[in-house]
Structures are given as C-alpha cells and as structure tokens.
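Undergrad: I have a structure here, written as structure tokens, and I will follow up with some questions on it.
Protein chains in written order, with my numbering: chain A, 2 to 372; chain B, 198 to 295.
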C-alpha cells in the first residue's frame with residue numbers, strides 16, 4: 002500500500018508525519034534539530050529517501066542537513082553560501098543602498114532527476130546550486146546580477162528567494178520568485194534571467210505596473226502543464242498561461258485576495274487552492290474562520306472549504322511554503338499554521354482533520370507520496 | 198590540550214557531549230582554537246564565526262576565567278589558564294530574545 006510522508010519545518014525543529022494511503026492514522030516523528038528554525042525540508046523526486054533540510058538560528062547561522070534514509074538519520078553538509086564576486090547593493094527598506102548579506106536558506110528544491118543536485122533560494126535574494134548532495138554550493142549569479150538587482154527591496158520578512166519551480170518538460174527552464182522583486186525566468190538552466198511580471202499591479206510601490214518590485218508571495222505550477230502558473234501575490238491571485246510572459250487576475254469571488262500559499266491539485270491542473278488572509282496588517286483568516294478556497298476552473302470561481310476546519314476564534318496564519326499536495330488517486334492536501342496545527346484532507350479539500358495540533362509555528366509543509 | 202565548552206545546540210550538531218578538546222602546536226589564541234575546533238568538527242564551520250570574514254557571530258560570546266573575551270582580537274593570547282588546560286574556553290550563545 003502507498004505511504005505518505007509529510008515533512009514539516011517549524012520554528013523549533015522538523016517533524017516527519019507518516020501514514021499509509023488511507024491517511025487515517027498518523028505517526029508523528031520529531032523534533033529533528035530541536036530548537037532550530039527549520040525553514041524547509043524537501044525530498045528528492047528522483048530518490049525519495051534523499052531529504053534536504055534548511056536549519057538555522059540567529060545565534061549559530063545556517064546549517065544544511067541531508068538524509069539518505071528518509072529522515073531516519075541526518076548529516077550536516079555544506080553551509081557556505083558565498084555570493085559570486087563583489088555582491089554590491091540592493092535597496093534597503095528606506096531606499097538607501099544596502100550590501101547583499103546572506104541570512105538564511107528559505108527554500109531547497111531538489112532536482113527532478115538527480116538526487117545530488119539541489120537548488121537553494123536564500124535571503125538576501127540569491128539562487129545557489131549544489132551538484133554533490135549539498136556539500137558545496139555555487140551561486141547562479143546571473144539572477145542577482147540582473148540589471149534590476151540594485152533596485153530590489155526586501156519585504157517585511159526579508160529579501161528572500163522563496164520559490165523555485167523546475168519545468169519538468171525542459172531542464173533549462175527555471176522560475177523563481179523573490180519578495181519583493183517578483184518572478185524571474187531562466188531558459189538556460191539559471192545562467193541568465195528575465196523578469197516576468199507583466200500584468201501584475203501592486204498599489205504601494207511607486208509604479209504599480211513596474212516590471213520589477215512586486216511582492217510575490219508564492220507561485221505554483223502543475224507538472225503536466227508547465228506553461229500555466231498560478232500566483233498568490235501580496236494582494237491578488239494571478240494566473241499566467243504563457244510561462245509568466247503575462248499575468249491576469251483570477252481573485253474572483255475570494256473573500257480577500259491577500260494570502261501566502263497557493264498550490265495545484267495533483268491530477269486536476271485547473272484545481273487550485275489558496276488560504277485567504279484578512280490583510281497585510283491582519284495576518285489571520287477573515288472573521289476568525291479558517292477556510293481553504295478551491296477553484297476548479299483555474300481561478301475566478303472559488304468555493305470555501307470549511308469541513309473540519311475551525312470556524313470561530315481562529316487567528317492563525319498559513320505561511321507561503323506551508324501547503325502541499327500528495328499524488329494519491331484521491332489527492333491529499335496539507336497545510337500547516339502558525340498555531341502549530343497541520344491539517345490534512347484526503348479528499349481534495351472536501352473535509353479536513355488535524356494530523357497534529359500543537360507543534361511550534363509551522364514554516365513549511367512538503368509531501369512525499371511513496372510506493 | 199585546550200578545553201572548549203560548546204553551547205548545547207552546537208554540542209548536538211557536533212555530536213559530542215561535555216567538553217571537547219583540541220591540540221594546538223603554536224600560540225593559543227581565539228583564531229587558533231577555532232581553527233582547530235573547526236578542523237576537528239567541520240560541521241561547526243560558520244556557526245561560531247563567519248566563514249568568509251571570520252568575525253564572531255553577533256549572538257556568540259567567548260568567556261574564560263570569569264572574563265568576557267569576546268571583544269579581544271582573534272590573535273590575542275588567551276589566558277594562561279586556558280593555554281594550560283586548567284580552565285576551559287566557553288563558547289556561549291548569548292541570552293537574547295524574549
């Protein structure tokens with residue numbers, strides 16, 4: 002029978018939640034790296050036993066951990082993230098130049114085909130790649146050296162490269178997203194990059210239609226249709242049908258179009274999930290009701306999913322990397338909250354139940370579907 | 198033999214318990230001790246001092262013999278009691294946060 006392994010990063014350690022394909026009974030294993038912030042844990046699609054984890058604290062900096070046995074044991078690997086050449090400056094919050102400084106790894110994206118190749122999205126925004134299982138990291142500096150780089154500015158959470166999407170149909174095509182610069186696309190495996198933000202509109206920046214400078218919170222694609230991208234922006238849920246060349250809004254009837262995560266059903270490329278959050282100054286669900294919204298039409302028409310989710314007095318947030326789907330026949334959807342709950346739905350969002358309720362604040366959720 | 202006491206998180210990372218010891222041939226300074234420590238426990242690279250600038254991380258302090266040595270130069274001699282092994286060098290995670 003199939004198995005599901007949910008990889009949870011929290012403010013105080015990593016947890017591994019496992020269940021068989023029924024997803025009824027769960028085992029909670031952890032904390033791994035207790036006391037450390039675990040921004041992200043992700044498994045290799047090419048070798049599910051290979052996991053990578055980003056471990057950090059303000060005290061002791063960045064560590065990258067690797068497991069070769071599905072999280073049973075871990076070994077620290079390379080943690081040297083040195084920007085290529087003289088890194089220069091980006092804009093600080095007050096608009097003054099600020100030197101590029103490495104802070105932490107936000108996101109680890111293993112290659113689709115090689116377990117030893119993994120990408121790291123870091124703060125201050127940069128993209129690194131390791132081809133030896135995480136031992137050594139080299140910056141793909143064409144991104145940071147883009148003409149617009151000196152104008153990039155951090156969002157409230159820091160200037161982070163938080164999303165990396167690898168096109169399964171073209172190994173040379175990579176999408177990344179940065180808060181608050183926007184989406185960039187490479188067609189040459191990360192050597193050169195172009196911003197792909199046309200159609201985004203952001204009030205609160207000097208030019209609402211600027212080519213760069215948008216606070217993109219998350220982008221998602223379905224692997225069978227990599228030309229179509231979905232985006233949760235600071236405000237607005239957006240869609241592109243041309244690999245990011247142009248975007249249009251699909252917020253439709255959402256109660257609010259502010260939020261952080263966005264994901265796509267494993268088998269239905271037009272079925273999309275978001276978690277609406279009240280506003281940028283009130284990071285909790287509207288009316289204290291935790292609702293996942295699902296569109297089966299690729300956006301615009303959304304239905305609130307509430308069964309099993311708290312519908313009163315709920316004031317948690319769901320962060321950008323804290324939602325994922327499994328690929329079982331009945332698609333499972335998972336998300337974690339800043340209140341430490343990890344919710345699972347084994348029926349594509351129709352009903353939900355908590356796997357675990359009292360973890361530290363959840364930073365990230367990833368899922369592996371195992372044979 | 199130089200004795201070093203690591204904070205709990207770094208003992209876990211280095212998979213050690215209690216004090217660790219490093220052997221030095223030359224002068225006993227912060228730099229020499231940390232070089233030897235990182236050579237023996239490579240997973241500690243970057244956790245106590247920056248890997249490029251070698252500056253002490255802001256929330257890490259060095260204490261020994263009831264003195265705060267954090268602001269001493271990396272090449273300043275450590276106290277004789279540390280050099281002789283009578284006292285350990287304490288690597289401390291600063292009390293910070295809420």
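Virtual Cβ for every residue (Gly too), placed ideally from N, Cα, C.
Model, not experiment: these values are computed from the prediction.
List, in order along the chain, the chain B residues whose C-beta lies closer than 9 Å to that of residue 64 of chain A?
TA: Those within 9 Å of residue 64 of chain A in chain B are 210, 240, 243, 244.
Undergrad: In three-state DSSP terms, what is residue 330 of chain A?
TA: Coil at residue 330 of chain A, not helix or strand.
Undergrad: Counting contacts by CB-CB distance shorter than 8 Å, is residue 30 of chain A in contact with chain B?
TA: No, its Cβ sits nowhere closer than 8 Å to a Cβ of chain B.
Undergrad: Using the C-alpha atoms, what's the distance from residue 132 of chain A back to residue 355 of chain A?
TA: Rounded to the nearest angstrom, the two C-alpha atoms are 37 Å apart.
Undergrad: How would you write the range of the alpha helix (DSSP H) that residue 279 of chain B sits in, first residue to last?
TA: From DSSP, the alpha helix (DSSP H) with residue 279 of chain B extends over 277-280.
Undergrad: Along chain A, which residues have their Cβ under 8 Å away from the Cβ of residue 206 of chain B?
TA: Correct list: 36, 37, 58, 60, 61.
Undergrad: Residue 145 of chain A lies in the alpha helix (DSSP H); which residues open and close that run?
TA: Per DSSP, residue 145 of chain A belongs to no alpha helix (DSSP H) and is neither H nor E.
Undergrad: Let me know if residue 120 of chain A comes out buried or exposed under the rule of 16 or more other beta-carbons within 10 Å of its beta-carbon.
TA: So residue 120 of chain A counts as buried.
Undergrad: Judging by CA-CA distance, which residue of A:296, A:27, A:76, A:176 is the nearest neighbour of residue 64 of chain A?
TA: When only C-alpha atoms are compared, the closest one is A:76.
Undergrad: Does residue 249 of chain B pass the burial test, meaning 16 or more other C-beta atoms within 10 Å, or should it be called exposed?
TA: Under this definition residue 249 of chain B is an exposed residue.
Undergrad: Can you pull the chain B residues whose beta carbon is under 7 Å from the beta carbon of residue 11 of chain A, in chain order?
TA: By Cβ distance, chain B contributes nothing, its closest Cβ being about 16 Å from residue 11 of chain A, past 7 Å.
Undergrad: For the putative contact between residue 184 of chain A and residue 197 of chain A, defined by C-beta atoms under 8 Å, what is the C-beta separation to the nearest angstrom?
TA: At roughly 5 Å, the Cβ-Cβ gap stays under 8 Å, so residue 184 of chain A and residue 197 of chain A are in contact.
Undergrad: Across the region 310-323 of chain A and the region 271-291 of chain A, are there enough close Cβ pairs to call them in contact, namely three or more that are closer than 8 Å?
TA: Enough Cβ pairs lie closer than 8 Å, so yes.
Undergrad: Does any residue of chain B bring its CB to less than 8 Å from the CB of residue 81 of chain A?
TA: Taking Cβ atoms only, chain B reaches closer than 8 Å to residue 81 of chain A, which makes this a yes.
Undergrad: Tell me the DSSP bridge mates of residue 122 of chain A?
TA: A:108, A:128.
Undergrad: List, in chain order, every chain A residue whose beta-carbon is nearer than 7 Å to that of residue 227 of chain B.
TA: Ordered by position in chain A, no residue passes the 7 Å Cβ test against residue 227 of chain B, which lies about 17 Å from the chain.
Undergrad: Just list the beta strand (DSSP E) runs in the region 208-295 of chain A, keeping only unbroken ones of 3 residues or longer that don't cross its boundaries, in chain order.
TA: Entirely contained in the region 208-295 of chain A, the beta strand (DSSP E) runs reaching 3 residues are, in chain order, 217-222, 230-234, 238-241, 259-265, 273-278.
Undergrad: Rank A:257, A:275, A:265, A:269 by C-alpha distance to the C-alpha of residue 282 of chain A and give the top, closest one.
TA: Ranking A:257, A:275, A:265, A:269 by Cα distance to residue 282 of chain A puts A:257 first.
Undergrad: According to a CB-to-CB cut-off of less than 7 Å, which residues of the region 248-269 of chain B neighbour chain A?
TA: For the region 248-269 of chain B, which is checked against every Cβ of chain A, the residues closer than 7 Å are 248, 249, 254, 256, 257.
Undergrad: Spatial neighbours of residue 257 of chain B within its chain, please: C-beta separation below 6 Å, excluding the five flanking residues on both sides.
TA: Only 245 meet the Cβ criterion.
Undergrad: For residue 77 of chain A, would you say it is in contact with chain B, using Cβ-to-Cβ distances shorter than 8 Å as the test?
TA: Residue 77 of chain A counts as touching chain B.
Undergrad: With 16 other CB atoms within 10 Å as the buried threshold, where does residue 80 of chain A fall?
TA: When all chains shown are included, residue 80 of chain A counts as buried.
Undergrad: Starting from residue 52 of chain A, trace the beta strand (DSSP E) both ways and give me its first and last residue.
TA: Start and end: 52-58.
Undergrad: So is residue 359 of chain A buried or exposed if we call it buried at 16+ other beta carbons inside 10 Å?
TA: The residue in question, residue 359 of chain A, is exposed, as its Cβ has fewer than 16 Cβ neighbours within 10 Å.
Undergrad: Taking only runs of the beta strand (DSSP E) that begin and end inside the region 132-188 of chain A, which ones reach a length of at least 3 residues, in chain order?
TA: Fully enclosed beta strand (DSSP E) runs of 3 or longer: 161-167, 175-180, 183-187.
Undergrad: Tell me, please, which residues DSSP counts as bridged to residue 20 of chain A.
TA: DSSP output for residue 20 of chain A lists A:5 as bridge partner(s).
Undergrad: In angstroms, rounded to a whole number, what distance separates the CA positions of residue 243 of chain A and residue 229 of chain A?
TA: Roughly 6 Å between the two C-alpha positions.
Undergrad: If you draw a straight line from the C-alpha of residue 126 of chain A to the C-alpha of residue 208 of chain A, how long is it?
TA: Using only the alpha carbons, I get a separation of about 22 Å.
Undergrad: Would you list the residues sitting across from residue 322 of chain A in a DSSP beta bridge?
TA: Its beta-bridge partners are A:365.
Undergrad: Give me the residue from A:82, A:29, A:272 with the minimum Cα distance to residue 350 of chain A.
TA: Residue A:272 is the option with its Cα nearest to residue 350 of chain A.
Undergrad: Count the C-beta pairs between the region 209-222 of chain B and the region 262-272 of chain B that are closer than 8 Å, then say yes if the count reaches three, no if not.
TA: No, they do not touch.
Undergrad: So residue 135 of chain A and residue 78 of chain A are supposed to be a Cβ contact under 8 Å. How far apart are they, rounded?
TA: Contact holds; Cβ gap of about 4 Å.
Undergrad: Assuming residue 326 of chain A and residue 264 of chain A are in contact, meaning their beta carbons sit under 8 Å apart, how far apart are those beta carbons, in whole angstroms?
TA: Right, their Cβ atoms sit about 6 Å apart.
Undergrad: For the region 214-225 of chain B against the region 334-350 of chain A, do three or more pairs of beta-carbon atoms, one drawn from each stretch, fall closer than 8 Å, so that the two count as touching?
TA: Touching, no.
Undergrad: Rounded C-beta distance between residue 248 of chain A and residue 200 of chain A? I'm assuming under 8 Å.
TA: That pair is a contact at about 4 Å.
Undergrad: Work out the CA separation of residue 341 of chain A and residue 320 of chain A for me, nearest whole Å.
TA: Taking the straight line from one Cα to the other gives about 12 Å.
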